[in-house]
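Here the sequence shown stands for residues 392 to 870, where the numbers follow the working numbering.
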Amino acid sequence: MSDFASTVSSIYTQALGVIEAVEPRIAAATRAELADQRGSLKLIASENYASLPVLMTMGTWLSDKYAEGTVGHRFYAGCQNVDTVESVAAEHARELFGAEYAYAQPHSGIDANLVAYWSILAHRVESPALAKLGAKTVNDLTEADWETLRHSFAEQRVMGMSLDVGGHLTHGFRPNISGKMFHQRSYGTNPTTQLIDYDKLLADAREFKPLIIVAGYSAYPRRVNFAKMREIADAVGATLFVDMAHFAGLVAGKVFTGEEDPVPYADVVATTTHKSLRGPRGGLVLATKEYAPSVDRGCPMVLGGPLGHVMAAKAVALAEARQPSFQTYAQAVADNAKTLAEGLLRRGVTLVTGGTDNHLVLLDVGSFGLTGRQAESALLDSGIVTNRNSVPNDPNGAWYTTGVRIGTPALTSRGFGAADFDRVAELITEVLRATTPVATAAGAPGKARYSLADGVADRTMAAAGELLDTHPLYPGLEL
Ligand code: DSN
Numbered sequence: 392m393s394d395f396a397s398t399v400s401s402i403y404t405q406a407l408g409v410i411e412a413v414e415p416r417i418a419a420a421t422r423a424e425l426a427d428q429r430g431s432l433k434l435i436a437s438e439n440y441a442s443l444p445v446l447m448t449m450g451t452w453l454s455d456k457y458a459e460g461t462v463g464h465r466f467y468a469g470c471q472n473v474d475t476v477e478s479v480a481a482e483h484a485r486e487l488f489g490a491e492y493a494y495a496q497p498h499s500g501i502d503a504n505l506v507a508y509w510s511i512l513a514h515r516v517e518s519p520a521l522a523k524l525g526a527k528t529v530n531d532l533t534e535a536d537w538e539t540l541r542h543s544f545a546e547q548r549v550m551g552m553s554l555d556v557g558g559h560l561t562h563g564f565r566p567n568i569s570g571k572m573f574h575q576r577s578y579g580t581n582p583t584t585q586l587i588d589y590d591k592l593l594a595d596a597r598e599f600k601p602l603i604i605v606a607g608y609s610a611y612p613r614r615v616n617f618a619k620m621r622e623i624a625d626a627v628g629a630t631l632f633v634d635m636a637h638f639a640g641l642v643a644g645k646v647f648t649g650e651e652d653p654v655p656y657a658d659v660v661a662t663t664t665h666k667s668l669r670g671p672r673g674g675l676v677l678a679t680k681e682y683a684p685s686v687d688r689g690c691p692m693v694l695g696g697p698l699g700h701v702m703a704a705k706a707v708a709l710a711e712a713r714q715p716s717f718q719t720y721a722q723a724v725a726d727n728a729k730t731l732a733e734g735l736l737r738r739g740v741t742l743v744t745g746g747t748d749n750h751l752v753l754l755d756v757g758s759f760g761l762t763g764r765q766a767e768s769a770l771l772d773s774g775i776v777t778n779r780n781s782v783p784n785d786p787n788g789a790w791y792t793t794g795v796r797i798g799t800p801a802l803t804s805r806g807f808g809a810a811d812f813d814r815v816a817e818l819i820t821e822v823l824r825a826t827t828p829v830a831t832a833a834g835a836p837g838k839a840r841y842s843l844a845d846g847v848a849d850r851t852m853a854a855a856g857e858l859l860d861t862h863p864l865y866p867g868l869e870l
């Protein structure tokens, strides 16, 4: 065992011992989670394995400091170390993505998107209204002017990708606050190619006249042309907001360059830091100089105290992503996704858009006679962790669905290569072929009723175990 692995093993063993003395169930769940993550094929497209330095950075007393405000301008005394942490995270983010401004405070993806939306509203709606009324801040407004301004926030429009073709809830959908804040119209994909139809998007945008166009997705297996998105936004006077949460790692790793890199084209870009970017669970916002002052108001506009320990871990992860090895990793994520898609297609599986050119693949399991929920459950029984997902015009709705979304970021972090992913495609296909739906009694609560042929789950788990043993997670870490 290397010195590093032995030191880390000792640190975690002792730390879990200390936790165990206070609340044994938490120590047990933490150990069990490591075993689960080590022992299954993690194909959830939005998950990854953060490095041990990133994980360790989160477990410190930086968690204990309140630091509402911005770097050098806090509402609490004694924030000099959080200032350092936040500045270093922002510096790495600016350098890594070539952004004019970076804001490291958002606690999650939804927080990052809320900062993005409200900073755009502040810049496009609030600031001009204040200027017109000769007021410096909202506190200078009369009650009547404030009421008018409040109502004008609610009149704004947003256009984002439709949920059933891969958009995200935070892109203006009713169950999410973004749908309650804005009038929303979604754009879809071409029914034949299942690809974004930029001409139709432009025509719809001309008609709807949104304040904001959102580009980005959670389940669209293709690249986006951000130069075209910029042209469309400019044609209708919209702000271009890109949610790159899923593919930030591919941007950081220079797989998405030129017109596929959102940063040179968007006004505001938000991301999570824990998906393909492989950092701690959290969010990040990038912006042009024009939007920077309003993004900088994220706290107190929509955020509370920043999480110093998580911003520290973001800084460590972003420093890792600036290493040449991260570019190799990101390219492997995309290459592996192609191999996985080709392996599935060759075995007769239907894929939305017919393939992938990013990090994810969306299986349409309707041809197996299954719902997404049945397929997801059968795969889980066999040691393959995925998540069900809608396909375009999904006949089974958003709960049962007809799709299964899989992605390569996590297993690529473990070192899986082309041959491994082809074997993964084979295992997935075998499980799907061996699964049959079992009729659900009318009105039965949402159970995934299916039956898996005898021995398939055990055989698949054993085969998955062989692959996983070849590529250990946190090698040398023994608890
Ligand atoms: N939960 C994330 C995903 O799985 O894509 C997005 O919110």
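Every residue gets a Cβ at the ideal spot worked out from N, C-alpha and C, and that includes glycine.
Any chance you could list the beta strand (DSSP E) runs of at least 3 consecutive residues sitting entirely within the stretch 551-624, in chain order? 574-578, 603-607
Rounded to whole angstroms, how far is the Cβ of phenylalanine 632 from the Cβ of valine 605, which I believe are closer than 8 Å? 5 Å
Assuming asparagine 439 contacts alanine 801 (C-beta within less than 8 Å), just tell me the rounded distance between them. 5 Å
By DSSP's criteria, valine 642 is part of a beta bridge. Which residues make up the other side? Bridge partners of valine 642: none, in fact.
Just how far apart, CA to CA, sit tryptophan 509 and valine 693? 8 Å
Quick one: Cα of glycine 696 to Cα of alanine 661, how far? 19 Å
With distances taken from CA atoms, which of Thr421, Leu770, Val646 is nearest isoleucine 435? Leu770
Look at the alpha carbon of cysteine 470 and the alpha carbon of histidine 498, and state the distance between them as a whole number of angstroms. 18 Å
So, under 8 Å CB-CB, lysine 705 and glycine 670 are touching, yes? Tell me the CB distance rounded to an integer number of Å. 5 Å
With a cut-off of 8 Å on the beta carbons, I'd call leucine 735 and valine 724 a contact; round off their distance for me. Actually they do not touch by this definition, with Cβ atoms about 17 Å apart.
Beta-bridge partners of serine 842, as assigned by DSSP: Thr827
Decide if lysine 433 is buried, meaning its Cβ has at least 16 other Cβ atoms within 10 Å, or exposed. buried
Per-residue burial, serine 804 [other beta carbons within 10 Å of its own, 16 or more giving buried]: buried
Aspartate 394 burial status per 10 Å Cβ neighbour count (16 or more: buried): exposed
In terms of alpha-carbon separation, which member of Val756, Gly806, Thr679, Ala766 lies closest to glutamate 491? Thr679
Starting from arginine 384, follow the beta strand (DSSP E) in both directions and report where the run begins and ends. Residue coverage of the chain in this structure runs from 392 to 870, which leaves residue 384 outside it and unanswerable.
Going along the chain, which unbroken runs of the beta strand (DSSP E) with 3 or more residues stay wholly within the stretch 447-522? 492-494
In terms of DSSP beta bridges, what is leucine 753 paired with? Arg796
C-alpha gap between valine 506 and phenylalanine 812, whole angstroms: 37 Å
Beta-carbon proximity of leucine 870 to tyrosine 403, cut-off 8 Å: yes
If you check the beta carbons only, do tyrosine 656 and histidine 637 fall under 8 Å apart? no
Within its chain, find whatever has a CB closer than 6 Å to the CB of glycine 834; leave out the 5 residues flanking it on each side and keep chain order. Note that glycine 834 scores 48 on pLDDT, short of 50, meaning its location in the model is unreliable and no value can be drawn from it.
At 4 residues or longer, and completely inside the stretch 772-818: list those alpha helix (DSSP H) runs for me, N to C. 788-791, 800-804
If you follow the beta strand (DSSP E) that phenylalanine 632 is in, where does it begin and where does it stop? 630-634
I'd like the span of the alpha helix (DSSP H) that includes leucine 540, first residue to last. 534-545
Bridge partners of lysine 433, per DSSP? Val776
Could you pull out every residue in the same chain whose Cβ sits closer than 7 Å to the Cβ of methionine 852, ignoring the five residues on either side in sequence? Ser773, Gly774
Residue closest to isoleucine 511, alpha-carbon to alpha-carbon, out of Ala545, Tyr611, Val686, Asp634: Val686
Count the CB pairs spanning the stretch 736-743 and the stretch 563-576 that are closer than 8 Å, and state whether there are at least three. no
For glycine 674, the residue or residues it bridges with in DSSP: Thr663
Going by DSSP, which residues form a beta bridge with valine 549? Gln575, Ile603
Among the residues of its own chain, which have a CB less than 6 Å from the CB of serine 758, if the five just before and after it don't count? Thr741
Alpha carbon of glycine 557 to alpha carbon of glycine 500, nearest angstrom: 16 Å
I believe glutamine 714 touches lysine 645 by the beta-carbon criterion, under 8 Å. Please report the beta-carbon distance rounded to the nearest angstrom. The Cβ separation is near 12 Å, so there is no contact.
How should aspartate 455 be labelled, buried or exposed, when 16 other C-beta atoms within 10 angstroms of its C-beta is the threshold for buried? exposed
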